[in-house]
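Visitor:
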């Protein structure tokens, strides 16, 4: 079985800024920072999937029609029960929410059962937090989202492997008639 999810990967500048933020947050919470190379924003978590079904996932993702957009992570928060500190959006972009909903719907229509929890756009910065982290606004870390990926969490290695990646459509400009 393969442990799979769809995700957005920050560009190099955003990844570096988020890596610094992860170090700061982990020192404040007594948690373990997520390595910069592993920082991602999950779109749809699938869990354990038979590798033979990966082509069906790729086919579902191929049909997603969404425009590229700018994503700004401008707040910190925590999931206390999970002992996780995260960066998220005060107001998630409509293009992100629409793309995520479309992808999740296509995955369900293809016969998969992704996580049932309501979608909460966030990027995990620290795990095993021992102290609480109150919600707060931070200087935005922004990147242009132009692709999304199907990713495997490699057991025993603690690494992620991108299995496939899809480009989003360039932003359409509104022309005059």
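Residue numbers (the working numbering): 31 to 207.
Built from N, CA and C at the ideal position, the CB exists for glycine as well.
For clarity, every value in this text was computed on a predicted model and none was experimentally measured.
Taking the alpha carbon of residue 163 as the reference point, which residue from 109, 130, 38 and 127 has its own alpha carbon closest?
Guide: Comparing Cα-Cα distances from residue 163 to each of 109, 130, 38 and 127, the minimum goes to 109.
Visitor: For residue 67, which option in 199, 196, 195 and 190 has the closest C-alpha, if you only look at C-alpha atoms?
Guide: Ranking the options by Cα distance to residue 67, first place goes to 190.
Visitor: My parser needs the beta strand (DSSP E) runs of 3 or more residues fully inside the segment 86 to 115; what are they?
Guide: 99 to 109
Visitor: How is the beta strand (DSSP E) around residue 77 delimited, first residue to last?
Guide: Note, residue 77: beta strand (DSSP E), 71 to 79.
Visitor: How many whole angstroms separate the CB atoms of residue 104 and residue 174, which I take to be in contact at a CB cut-off of 8 Å?
Guide: The Cβ separation is near 16 Å, so there is no contact.
Visitor: Taking 8 Å as the limit between beta carbons, can you name the residues of its chain near residue 90, skipping five residues before and five after?
Guide: 133, 136, 137, 139, 140 and 142
Visitor: State the CB to CB distance for the pair residue 79 and residue 34, rounded to an integer number of angstroms; the pair is presumed to be in contact (CB under 8 Å).
Guide: 5 Å
Visitor: Compare the Cα-Cα distances from residue 84 to each of 182, 53 and 151 and report the closest residue.
Guide: 182
Visitor: Specify the secondary structure class of residue 160 as computed by DSSP and reduced to three states.
Guide: coil
Visitor: Kindly indicate which residue of 171, 197 and 195 has the alpha-carbon position closest to the one of residue 42.
Guide: 171
Visitor: Among the residues of its own chain, which have a CB less than 8 Å from the CB of residue 178, if the five just before and after it don't count?
Guide: 36, 37, 38, 73, 91, 94, 129, 133, 195, 196 and 198
Visitor: Give the secondary structure of residue 83 by DSSP, where H, G and I count as helix, E and B as strand, and everything else as coil.
Guide: Helix at residue 83.
Visitor: Give me, in chain order, the residues of the same chain whose beta-carbon lies closer than 8 Å to that of residue 218; leave out the 5 immediate sequence neighbours on both sides.
Guide: Outside the displayed span of the chain (31 to 207) sits residue 218, for which this structure offers no information.
Visitor: Under a three-way DSSP split, which group does residue 188 fall into?
Guide: DSSP, read as helix, strand or coil, puts residue 188 in coil.
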